[in-house]
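Colleague: Mind having a look at this structure? Questions to follow.
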Amino acid sequence: MNITVPGKILVIENRWEDVKEIIESFWKTGEGIVYSNSIPDKAPSNVRLVILDLVLREGGNQVEDTDYQQAALALKRIESKTQFYLVVLWSIYITPDTENEVIENLKNAYKGQTEKDLPDRILKPFGKKNFVKKDVVNEITNWIQENPEAGLVFEWEKSIEEGRDKTVSEIANIGGIRTIVKTMEKELGETAIARGTFTLFNKLLLRHSLLSLTKNGFTPLIEKMLEEKDMAGTNTLEWYHRIHCLKAYYKVEDNEPLWTGDILKTNIDSNLQKEYAVVVTPACDFAQKKVPKIKVVYGIKIKNIEEYGVNDEDVPLPVQKLGKTKKSKWKNRNKVINAIVKGSALPDRFYILHFLEFSSDKNYFHLLIDFSNVQSIKLEENMKLPMGWQRICRIDSPYIEDLLQKYASFSARVGTPAIPEDVQEAEVKRLKRMRGNMRAN
Numbered sequence: 001m002n003i004t005v006p007g008k009i010l011v012i013e014n015r016w017e018d019v020k021e022i023i024e025s026f027w028k029t030g031e032g033i034v035y036s037n038s039i040p041d042k043a044p045s046n047v048r049l050v051i052l053d054l055v056l057r058e059g060g061n062q063v064e065d066t067d068y069q070q071a072a073l074a075l076k077r078i079e080s081k082t083q084f085y086l087v088v089l090w091s092i093y094i095t096p097d098t099e100n101e102v103i104e105n106l107k108n109a110y111k112g113q114t115e116k117d118l119p120d121r122i123l124k125p126f127g128k129k130n131f132v133k134k135d136v137v138n139e140i141t142n143w144i145q146e147n148p149e150a151g152l153v154f155e156w157e158k159s160i161e162e163g164r165d166k167t168v169s170e171i172a173n174i175g176g177i178r179t180i181v182k183t184m185e186k187e188l189g190e191t192a193i194a195r196g197t198f199t200l201f202n203k204l205l206l207r208h209s210l211l212s213l214t215k216n217g218f219t220p221l222i223e224k225m226l227e228e229k230d231m232a233g234t235n236t237l238e239w240y241h242r243i244h245c246l247k248a249y250y251k252v253e254d255n256e257p258l259w260t261g262d263i264l265k266t267n268i269d270s271n272l273q274k275e276y277a278v279v280v281t282p283a284c285d286f287a288q289k290k291v292p293k294i295k296v297v298y299g300i301k302i303k304n305i306e307e308y309g310v311n312d313e314d315v316p317l318p319v320q321k322l323g324k325t326k327k328s329k330w331k332n333r334n335k336v337i338n339a340i341v342k343g344s345a346l347p348d349r350f351y352i353l354h355f356l357e358f359s360s361d362k363n364y365f366h367l368l369i370d371f372s373n374v375q376s377i378k379l380e381e382n383m384k385l386p387m388g389w390q391r392i393c394r395i396d397s398p399y400i401e402d403l404l405q406k407y408a409s410f411s412a413r414v415g416t417p418a419i420p421e422d423v424q425e426a427e428v429k430r431l432k433r434m435r436g437n438m439r440a441n
């Protein structure tokens, strides 16, 4: 019987003879095992199952506070790599009568070290004398059945594993990785080769992963979740804003060169209309290093729309931008809010980026982009931002293409990567040769 959880199994036990049999049984079925006889200084990546001896010392006839602290430390280090795992606790001191006490003591020790709660549902206590592989497999299977969210992630991981092998084989069999790198240099510029190559490999991985996705995996789990109509206690808005951030934006390393779609926090705090900016310089200009300056379009931060009267002069800045009428009165506040959230009646020169986060403020905000507020900004040496400017994140595809398309209708070209000139010339020659051969025949 095989384990149904992908990823690594981490076994922490100070006595090898106590786990030798079960580790070897996992090896025989092809599972990935990492063994440690003490708390590892650095946890391995992709751990999905932890088999943890509660007492990692010799002697004693009971579980002491230091044992719980050590166990909590192990989980703390594992969580530095992943927050998604199942823990099988085992010890000669765990009996049906002490299971609840053990879990509570471990949770208290964990919260003392991390100030976070350890969910009961990821902890499965076992007495060491009764610890057999069949029981562990059954517990994992039951856990997945009770938590379809976990099952969905596991099925995705399996598809990624299968797709990865196919992708690696395909790339290696092409034998043209050097050609890929050279093409990226011509298309994106030398500084962005790594990003372009990595993106291409990931696209291939996605294609193969989707091919390995089976109906028997994802679909039943999704159907089970959809059956659960009760969403009580779920903050839909809070969760959606997190998901939207994951879909629409991504963080880049500080040493990553500037690129189209980067969202910047400026140092112009005194002018709220220029507090944030989006880079709209075409990607082809970055690739060709034609960027002594970057072109940015400014945006206005929106967190709340305060109440105001239609004749008030002191109204929120977004309202001033969106709501002025020919009679110099402000539109209805609800209409302004609808324009911001739904895009309804949003004037053509504006664009909304929703649910942004800034590192120093985890509360989300929206950004009202004004295409009429565009400026060229001179860069510092080595394409560095002006002093005091910070990059928040980068807009991901297809959101950046949508923004650029709307912006291009006002004042700029989008800029699309062209086929490298040497490739164009080679293809022209090939087609000409084909034409000559056809005439000869």
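With the numbering used here applied, the sequence shown covers 1 to 441.
Even glycine gets a Cβ: it sits at the ideal position worked out from N, Cα and C.
Which runs of the beta strand (DSSP E), 3 residues or longer, sit entirely within the segment 237-302?
Modeller: Listed in chain order, they are 262-265, 276-279 and 293-302.
Colleague: Quick check: what's the CA-CA separation for T141 versus G7?
Modeller: For T141 and G7, the distance between alpha carbons rounds to 15 angstroms.
Colleague: Quick check for students: name the residue ranges of the alpha helix (DSSP H) that lie wholly in the segment 54-94, counting only runs of 4 or more.
Modeller: If we require 4 residues or more, the alpha helix (DSSP H) runs fully inside the segment 54-94 come out as 65-79.
Colleague: Can you list, in chain order, the residues of its chain with a C-beta nearer than 6 angstroms to that of A442? Leave out the 5 residues immediately preceding and following it.
Modeller: The structure shown does not extend to residue 442, since the chain is modelled only from 1 through 441, so no value can be given for it.
Colleague: On the DSSP bridge assignment, give the partners of F126 in chain order.
Modeller: F126 pairs with W90.
Colleague: Check whether the segment 101-114 and the segment 64-78 are in contact - that is, three or more C-beta pairs closer than 8 angstroms.
Modeller: With the cut-off at 8 angstroms, the segment 101-114 and the segment 64-78 touch.
Colleague: What residue ranges within the segment 12-44 form continuous alpha helix (DSSP H) runs of no fewer than 4 residues, ordered along the chain?
Modeller: For the segment 12-44, whole alpha helix (DSSP H) runs of length 4 or above, ordered along the chain, are 16-28.
Colleague: Looking at the secondary structure, which residues open and close the alpha helix (DSSP H) in which Y110 lies?
Modeller: E99 to T114 is the span of the alpha helix (DSSP H), which, as asked, contains Y110.
Colleague: Specify, as a first and last residue, the run of the alpha helix (DSSP H) that Y399 falls within.
Modeller: Run containing Y399: Y399 to A408, per the alpha helix (DSSP H) assignment.
Colleague: Rounded to a whole number of angstroms, what is the C-alpha to C-alpha distance between S91 and V63?
Modeller: Distance between the alpha carbons of S91 and V63: 9 angstroms.
Colleague: So the alpha helix (DSSP H) I180 belongs to, where does it begin and stop?
Modeller: It spans I177 to L188 - the alpha helix (DSSP H) in which I180 sits, taken as one unbroken run.
Colleague: If you drop the 5 nearest sequence neighbours on each side, which residues of the same chain put their C-beta closer than 8 angstroms to that of Y250?
Modeller: C393, R394 and D396.
Colleague: If we ignore side chains and look at the alpha-carbon of each, how far apart do L205 and K321 end up?
Modeller: About 44 angstroms.
Colleague: Taking the alpha helix (DSSP H) that R333 falls in, what are its first and last residues?
Modeller: Counting along the chain, the alpha helix (DSSP H) containing R333 begins and ends at R333 to K342.
Colleague: DSSP puts H354 in a beta bridge; with which residues?
Modeller: H354 pairs with nothing; no bridge assigned.
Colleague: Roughly how many angstroms separate the alpha carbons of V341 and Q375, rounded to a whole number?
Modeller: Approximately 26 angstroms between the Cα atoms of the pair.
Colleague: In angstroms, rounded to a whole number, what distance separates the CA positions of T95 and K303?
Modeller: When rounded, the distance between both Cα atoms is 53 angstroms.
Colleague: For I448 versus I39, is the C-beta distance shorter than 7 angstroms?
Modeller: The chain is shown only over 1 to 441; residue 448 falls outside these bounds and no answer can be derived.
Colleague: Measuring alpha carbon to alpha carbon, tell me which of T281, I51 and G127 ends up nearest N14.
Modeller: Among T281, I51 and G127, the Cα nearest to that of N14 belongs to I51.
Colleague: Considering I305, what are the terminal residues of the beta strand (DSSP E) in which it resides?
Modeller: First-last for I305: undefined, no H or E at that position.
Colleague: Given a cut-off of 7 angstroms on the beta-carbon distance, is the pair V291 and T260 in contact?
Modeller: Against a cut-off of 7 angstroms, the Cβ pair of T260 and V291 comes out as no contact.
Colleague: Span of the beta strand (DSSP E) holding R195?
Modeller: R195 -> not in any beta strand (DSSP E); alpha helix (DSSP H) instead, spanning I193 to S212.
Colleague: Contact between the segment 283-302 and the segment 425-435: three or more CB pairs below 8 angstroms?
Modeller: No contact exists between the segment 283-302 and the segment 425-435.
Colleague: What separation, rounded to the nearest whole angstrom, lies between the Cα atoms of M1 and D97?
Modeller: Any answer about M1 is weak, because its pLDDT of 43 lies below 50 and its placement is not dependable; what the coordinates show is given next. Straight-line Cα distance between these residues: approximately 29 angstroms.
Colleague: Tell me whether V315 sits in a helix, a strand or coil according to DSSP, three-state version.
Modeller: Three-state result, V315: coil.
Colleague: Note the first and the last residue of the continuous alpha helix (DSSP H) segment covering E223.
Modeller: Its alpha helix (DSSP H) spans residues F218 to E227.
Colleague: Determine the closest residue to A277 out of M225, V297 and F26, with distance taken between C-alpha atoms.
Modeller: Of the listed residues, the one whose Cα sits closest to A277 is V297.
Colleague: Taking the beta strand (DSSP E) that R394 falls in, what are its first and last residues?
Modeller: Where R394 is concerned, the enclosing beta strand (DSSP E) stretches over Q390 to I395.
Colleague: Tell me whether N142 sits in a helix, a strand or coil according to DSSP, three-state version.
Modeller: Helix at N142.
Colleague: Please classify N485 as buried or exposed, where buried requires at least 16 other C-beta atoms within 10 Å of its C-beta.
Modeller: Because residue 485 is not part of the residues shown, which for the chain are 1 to 441, the question remains open.
Colleague: Out of R349, L200 and K166, state which residue places its alpha-carbon closest to the alpha-carbon of V181.
Modeller: For V181, the nearest C-alpha among the options comes from L200.
Colleague: What does DSSP give as the partner residue(s) for S376 in the beta ladder?
Modeller: Answer by DSSP bridge pairing, in chain order: K295.
Colleague: When DSSP builds the beta bridges, which residues end up paired with K384?
Modeller: In the DSSP output, where bridge partners are listed per residue, K384 has E380.
Colleague: Can I300 and P318 be called in contact, C-beta distance under 7 angstroms?
Modeller: It is a contact, given that the beta carbons lie within the stated cut-off.
Colleague: Whole angstroms are fine: how far does the CA of Q113 sit from the CA of I122?
Modeller: Cα to Cα, the separation comes out at about 18 angstroms.
Colleague: Buried or exposed for K384, please, with buried defined as at least 16 other CB atoms from any protein chain shown within 10 angstroms of its CB.
Modeller: Flag for K384 reads exposed.
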